[in-house]
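Engineer: To start, I am sharing the structure in question, which I have written as structure tokens.
Chains as they are written, first to last, in my numbering: chain E, 1 to 94; chain V, 95 to 188.
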């Protein structure tokens with residue numbers, strides 16, 4: 001699973017506590033971003049929703065969810081085969 | 095967490111395997127529904143995304159995601175207090 005990292009205004013949500021990603025999003029906005037995208041796959045999807053809700057409800061009330069999209073990505077399993085995993089992107093903007 | 099059940103065209107996603115909810119959605123459409131809403135809270139959110147993707151990609155290619163919304167619900171914990179849990183609704187239509 002992806003670790004927390006920033007590429008442009010994208011925050012990849014992995015297995016850390018939701019607050020890690022909340023802080024990453026807030027940092028992007030404080031550095032001047034007008035929009036930030038939370039991306040997650042598999043079980044991290046619910047954590048991305050948690051992070052988006054915490055950002056909106058507790059820290060940055062001006063931030064709105066402007067779009068949510070879901071999809072399916074094919075990933076290589078450790079055994080060499082391929083499997084499908086669900087993905088989600090949550091667009092936040094102020 | 096909610097068990098699988100149907101109220102109108104709503105499918106509540108709980109802790110069962112994603113295919114349980116896939117079948118529930120397909121059944122709704124086969125019984126004449128033009129739209130079905132998948133609802134989930136907490137960790138079941140990623141399972142709702144899985145179910146929506148499987149319905150679209152494997153069974154009903156005419157079905158589209160028409161809206162996705164997220165929110166926060168307050169639930170009573172077993173100890174008597176209250177805590178917040180993230181929620182999601184995925185609208186599917188054909």
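All C-beta atoms in this analysis are idealised placements derived from N, C-alpha and C, irrespective of residue type, glycine included.
1) Would DSSP call residue 65 of chain E helix, strand or coil?
2) So is residue 65 of chain V in contact with chain E if we call contact Cβ pairs under 9 Å?
3) Please report the distance separating the alpha-carbon of residue 68 of chain E from that of residue 147 of chain V.
4) Could you run through the region 39-50 of chain E and flag, in chain order, every residue whose CB is less than 7 Å away from some CB of chain V?
5) Check each residue of the region 142-168 of chain V: if its Cβ is closer than 8 Å to any Cβ of chain E, include it; give the result in chain order.
6) Excluding sequence positions up to five away, which residues of its chain have a Cβ less than 8 Å from the Cβ of residue 120 of chain V?
7) Can you tell me whether residue 19 of chain E is buried or exposed, with buried defined as 16 or more other CB within 10 angstroms of its CB?
8) If you check the beta carbons only, do residue 151 of chain V and residue 130 of chain V fall under 9 Å apart?
9) Could you check whether the Cβ of residue 184 of chain V sits closer than 9 Å to any Cβ belonging to chain E?
10) For a quick check, are the C-beta atoms of residue 51 of chain E and residue 85 of chain E less than 9 Å apart?
11) Please confirm whether residue 157 of chain V and residue 132 of chain V have their CB atoms less than 9 Å apart.
12) Going by the DSSP bridge assignment, what does residue 130 of chain V pair with across the sheet?
Structural biologist: If we stick to the structure as given:
1) For residue 65 of chain E, the three-state secondary structure derived from DSSP is strand.
2) Because chain V here runs from 95 to 188, residue 65 of chain V falls outside it and cannot be looked at.
3) Going from the Cα of residue 68 of chain E to the Cα of residue 147 of chain V covers about 14 Å.
4) Residues 42, 43, 45, 46, 49 and 50.
5) Per Cβ criterion, the list reads 143, 144, 146, 147, 151, 159, 162, 163, 164, 165 and 166.
6) For residue 120 of chain V, same chain residues with a beta-carbon under 8 Å away, outside a window of 5 residues either side, are 149, 153 and 154 in chain order.
7) In this structure residue 19 of chain E is exposed. Its beta-carbon is surrounded by fewer than 16 other beta-carbon atoms within 10 angstroms.
8) Between residue 151 of chain V and residue 130 of chain V, the C-beta spacing is not below 9 Å.
9) True, the Cβ-Cβ gap to chain E drops below 9 Å.
10) It is not a contact, given that the beta carbons lie outside the stated cut-off.
11) No, they are not a contact pair.
12) According to DSSP, which records beta bridges pairwise, residue 130 of chain V is partnered with V:186.
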